[in-house]
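Taken in order, these protein sequences are the chains called A and B.
Under numbering that gives the first Met the number 0, the first residue of the first sequence is numbered 0, with each subsequent residue one higher.
Under numbering that gives the first Met the number 0, the first residue of the second sequence is numbered 0, with each subsequent residue one higher.
Following: one structure in structure tokens, then a few remarks.
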Amino acid sequence: MRDKILILAIIIAVLAGLAVPFFYSKIAGGTAPVLAPPPGGEKQCVEPVEYMRKHHVDLLIQWRDARVREGVLKYVASDGKGYTISLSSTCLGCHSNKADFCDRCHNYLRVNPRCFDCHVIPAKGGAAK
Amino acid sequence: MNRRDFLRLMALGAFSIVVPAELLPAGGTPGKRWAMTIDLRACSNGCTDCIEACHRIHNVPDIPDGNRRIRWIWTSPFEALFPEQPDYRRDLKGRSVMALCNHCENPPCVPVCPVKATFKRDDGIVMMDYHRCIGCRYCMAACPYGARSFNWQDPRPFIHAIDKDYPTRTKGVVEKCSFCEERLAKNLIPACVEACKEKGLAFGDLNEERSQVRLLLASRQAMQRKAHLGTKPKVFYLL
Chain A
0 MRDKILILAI IIAVLAGLAV PFFYSKIAGG TAPVLAPPPG GEKQCVEPVE
50 YMRKHHVDLL IQWRDARVRE GVLKYVASDG KGYTISLSST CLGCHSNKAD
100 FCDRCHNYLR VNPRCFDCHV IPAKGGAAK
Chain B
0 MNRRDFLRLM ALGAFSIVVP AELLPAGGTP GKRWAMTIDL RACSNGCTDC
50 IEACHRIHNV PDIPDGNRRI RWIWTSPFEA LFPEQPDYRR DLKGRSVMAL
100 CNHCENPPCV PVCPVKATFK RDDGIVMMDY HRCIGCRYCM AACPYGARSF
150 NWQDPRPFIH AIDKDYPTRT KGVVEKCSFC EERLAKNLIP ACVEACKEKG
200 LAFGDLNEER SQVRLLLASR QAMQRKAHLG TKPKVFYLL
């Protein structure tokens, strides 16, 4: 048992190594990205901001299935307001700063949604891109 | 368990019977049955207005390589589209005739799709959900009309001007004509029908007795491509 201290030190080092992900962001100083608000100054999204932040993917999937598979054109939000189901026109109509809004968070989280492989990003000024 | 409980459970079990997918709503206006007629007399050789209109608004790429080309609507010689027609229709031989997806009543492309990316709507339109397509191309093998194209590469570099009101497709998915369902949703007729200067194309509801297609089909001799296969095409060629 002469190596007690050495073994203990190794165990602590290994545990510390395994725990890196829990305190990495605190040490490396990674902060959540600040997202740019819509340039048009809209304050109200389709659903409340808290819901959109967590569940925008669920809403997009719901919109996709409603539009393509059921032929539904309008979405009625929880506040009773109607919206045309369209990623390029309705979502990007307000969030025309996709690079400073969608991409900033997606890049930070290293997620790579493939929406815009097909869906067209409307260029600023309304011309097709 | 006594007999009464057993019967109660059996009645409950009856609710668990699975509803067949065909009975669930699948988009489009129920009760409509969209169809198109193509007048072989009106369609003039060399005019490609309908093709250009369709391919422009649907972001269909113009790929020069014949093995990789994408087409929603195209022209072929009469005898290629109607190989079973006898030679007494020789007057039509060599005529360039328009073709597109037939939106079959009994579409062979639908049951073969392993992910249900291709489906038939309640209004008869055979539609594709490009989100679901995995690019297996079973539908292309099943379609007897060559109405489907596969994206072997990213189509965007081959689109002259992207129409921002319609998505493009991406590498690895199959695509085809949708009978302009996005225009029908806005009460517009398909772009090809609108673009035809000769009024050679007509579009309407087969379930409506006074619709333009029904009137044309009642007054003119019509034929469908490969009708003997039992696919029941809804694109009719007027002789």
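Just so it is clear, CB atoms sit at the ideal spot from N, CA and C, and this is done for glycine as well.
The structure displayed is predicted, hence computed values, not measured ones.
One or two residues paired with residue 124 of chain B in a DSSP bridge:
The count along the second sequence starts at 1 and reaches residue 124 of chain B at position 125. The partner list for residue 124 of chain B (beta bridge, DSSP) is empty, contrary to what the question assumes.
For residue 152 of chain B, which residues in the same chain have their Cβ closer than 7 angstroms to its Cβ, ignoring the five residues on either side in sequence?
The sequence position of residue 152 of chain B within the second sequence is 153, counting from 1. Result list for residue 152 of chain B: 67 and 170, in chain order.
Can you find the residues in the same chain that come closer than 6 angstroms, C-beta to C-beta, to residue 75 of chain A, ignoring five residues on each side of it along the sequence?
Position 76 of the first sequence, counted from the start, is the residue given in the question as residue 75 of chain A. Counting only Cβ-Cβ distances below 6 angstroms, and skipping sequence neighbours, we find 81.
Three or more C-beta pairs under 8 angstroms: does that hold for the segment 136–153 of chain B against the segment 162–182 of chain B?
Judged by Cβ distances under 8 angstroms, the segment 136–153 of chain B makes contact with the segment 162–182 of chain B, as three or more pairs qualify.
Can you name, in chain order, every residue of its own chain whose Cβ lies under 6 angstroms from the Cβ of residue 81 of chain B, other than the five neighbours on each side?
Along the second sequence, one-based indexing puts residue 81 of chain B at 82. Same-chain partners within the cutoff: there are none.
Which runs of the alpha helix (DSSP H) fall wholly inside the segment 91–168 of chain B and span at least 4 residues, in chain order?
108–111 and 137–141
Proximal chain B residues relative to residue 129 of chain A, where beta-carbon distance stays under 8 angstroms:
Missing from the structure shown is residue 129 of chain A; chain A here goes from 0 to 128 and no further.
C-alpha gap between residue 230 of chain B and residue 105 of chain B, whole angstroms
The sequence position of residue 230 of chain B within the second sequence is 231, counting from 1. The sequence position of residue 105 of chain B within the second sequence is 106, counting from 1. Residue 230 of chain B and residue 105 of chain B have their C-alpha atoms some 5 angstroms from each other.
Would you mind telling me which residues of chain A sit closer than 9 angstroms to residue 159 of chain B, beta carbon to beta carbon, in chain order?
Numbered from its first residue, the second sequence carries residue 159 of chain B at position 160. Correct list: empty, because the minimum Cβ distance to chain A is about 11 angstroms.
In chain order, what residues of the same chain have a beta carbon less than 7 angstroms from the beta carbon of residue 0 of chain B, not counting five sequence neighbours either side?
Here residue 0 of chain B corresponds to residue number 1 of the second sequence, with the count starting at 1. Counting only Cβ-Cβ distances below 7 angstroms, and skipping sequence neighbours, we find nothing.
Give the residues from the segment 82–97 of chain A that approach chain B closer than 8 angstroms (Cβ to any Cβ), ordered along the chain.
87 and 88
Around the Cβ of residue 5 of chain B, are there at least 16 other Cβ atoms within 10 angstroms (buried) or fewer (exposed)?
As a working mapping, residue 5 of chain B is identified with position 6 in the second sequence. Exposed, because fewer than 16 other Cβ atoms sit within 10 Å of the Cβ of residue 5 of chain B.
Sheet register partners of residue 73 of chain A (DSSP bridge)
On the first sequence, position 74 is the one that residue 73 of chain A refers to. Residue pairing by DSSP places residue 73 of chain A opposite A:83 in a beta bridge.
Could you give the residue range of the alpha helix (DSSP H) that holds residue 20 of chain A?
Residue mapping note: residue 20 of chain A aligns to position 21 of the first sequence, counting from 1. Per DSSP, the continuous alpha helix (DSSP H) segment holding residue 20 of chain A begins and ends at 19–27.
So residue 13 of chain B is in the beta strand (DSSP E); what residue range does that whole segment cover?
As a first step, residue 13 of chain B is located in the second sequence; it is residue number 14 there, counting from the start. Element bounds for residue 13 of chain B: not the beta strand (DSSP E) but the alpha helix (DSSP H), 2–13.
Looking at the structure shown, is residue 205 of chain B part of a helix, part of a strand, or coil, going by DSSP?
In the second sequence, counting from the first residue as 1, residue 205 of chain B sits at position 206. In this structure, residue 205 of chain B counts as coil in the three-state DSSP scheme.
For the beta strand (DSSP E) that contains residue 237 of chain B, what are its first and last residues?
On the second sequence, residue 237 of chain B is found 238 positions in, with the first residue counted as 1. For residue 237 of chain B, the enclosing beta strand (DSSP E) covers residues 234–237.
So residue 218 of chain B is in the beta strand (DSSP E); what residue range does that whole segment cover?
By 1-based counting over the second sequence, the position of residue 218 of chain B is 219. Counting along the chain, residue 218 of chain B falls outside any beta strand (DSSP E), though it belongs to the alpha helix (DSSP H) covering 211–218.
Would you kindly work out how many angstroms separate the C-alpha atoms of residue 87 of chain A and residue 165 of chain B, rounded to a whole number?
Within the first sequence, numbered from 1, the residue matching residue 87 of chain A stands at position 88. Within the second sequence, numbered from 1, the residue matching residue 165 of chain B stands at position 166. So the alpha carbons of these two residues sit roughly 9 angstroms apart.
Along chain B, in chain order, which residues have C-beta atoms closer than 7 angstroms to that of residue 121 of chain A?
As a working mapping, residue 121 of chain A is identified with position 122 in the first sequence. Near residue 121 of chain A (Cβ distances below 7 angstroms), the residues of chain B are 163.
If you run the structure through DSSP and keep just helix, strand and coil, what is residue 89 of chain A?
As a first step, residue 89 of chain A is located in the first sequence; it is residue number 90 there, counting from the start. Looking at residue 89 of chain A - three-state DSSP - the assignment turns out to be helix.
Any Cβ of chain B within less than 8 angstroms of the Cβ of residue 57 of chain A?
In the first sequence, counting from the first residue as 1, residue 57 of chain A sits at position 58. Judged by the 8 angstroms Cβ criterion, residue 57 of chain A is not in contact with chain B.
Look at the alpha carbon of residue 12 of chain B and the alpha carbon of residue 111 of chain B, and state the distance between them as a whole number of angstroms.
Position 13 of the second sequence, counting from 1, holds the residue named residue 12 of chain B. Position 112 of the second sequence, counting from 1, holds the residue named residue 111 of chain B. One C-alpha to the other measures close to 32 angstroms.
With distances taken from CA atoms, which of B:216, B:56 and B:221 is nearest residue 181 of chain B?
Locating residue 181 of chain B in the second sequence gives position 182, where the first residue counts as 1. Residue B:56 is the option with its Cα nearest to residue 181 of chain B.
Any idea what DSSP makes of residue 62 of chain B, helix, strand or coil?
Here the question's residue 62 of chain B lines up with position 63 in the second sequence. In the structure shown, residue 62 of chain B sits in coil (DSSP, three-state: anything other than H, G, I, E or B).
Residue range of the beta strand (DSSP E) that residue 33 of chain B falls in?
The residue labelled residue 33 of chain B in the question sits at position 34 within the second sequence. Segment 33–38, the beta strand (DSSP E) holding residue 33 of chain B.
Cα-Cα separation, residue 124 of chain A to residue 79 of chain A
Residue 124 of chain A sits at position 125 when you count from the first residue of the first sequence. Residue 79 of chain A sits at position 80 when you count from the first residue of the first sequence. Caution is warranted here: a pLDDT of 46 is assigned to residue 124 of chain A, below 50, making its placement in the model unreliable, and no coordinate value can be reported.
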